[in-house]
Amino acid sequence: MDWFYSQLVFIHSLLAWCSVGLFIVRGLAFQFGAEWSMDVRLRSMVFGVDTMLTVCGLSLWGSIGYSLTRDTWLTAKLLALVGYTVCAHWAMGRGEFRVLGYLLSLLLLAYMMGAAITRSPTLGLA
C-alpha cells in the first residue's frame, strides 16, 4: 500500500504541475489573442491531463479515507477547485472581464496548492 500510495501522490503532483503549466501558458496566450490557445489538440490534451488528475485525486481520497467534515483543508480545496473551474471557463471566454477571470483562476490555483501543502484551510496562517 505504501508504494502504491507514494506513486499515486507522485503522479498526482506531476499531473497537477502539468495542469497548472498548461493553464498559465494557454490562459496567458488566450488573453493576448493567440489563436493556437484554442486549438482542438491542445484543448484535448488539457482535458486529458485534468481528467487523469481528477481520477488520481479521487483515488487518493478513497485510499486514504479522508472525510470532508474532518479534513477541512480538503473541503476548502474542493470548493476552490469549483471556483477555479468557473473562473478558468470565464477567463477563456469572450467576455469583457476575462483578464479578471484569469487572475482569479491563478489566485485559486495558488490557494489549492497552498492548502494541499499545508493541509490547512487557512494555509497555516491561523
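Per my numbering, the sequence shown starts with residue 172, numbered consecutively.
Even for Gly, the Cβ is constructed at its ideal location relative to N, Cα and C.
Every value quoted in this text rests on a predicted model; they were computed, and no experiment measured them.
Here V217 is not near L186, since their CB atoms are 8 Å or more apart. In the DSSP assignment, W232 falls within the unbroken alpha helix (DSSP H) covering 211-235.
By the Cβ test, the region 275-292 is in contact with the region 238-245, since at least three Cβ pairs between them sit closer than 8 Å. For T289, the three-state secondary structure derived from DSSP is helix. The continuous alpha helix (DSSP H) containing D173 extends over residues 173-202.
In this structure, A262 places its C-beta atom within 8 Å of the C-beta atom of Y273.
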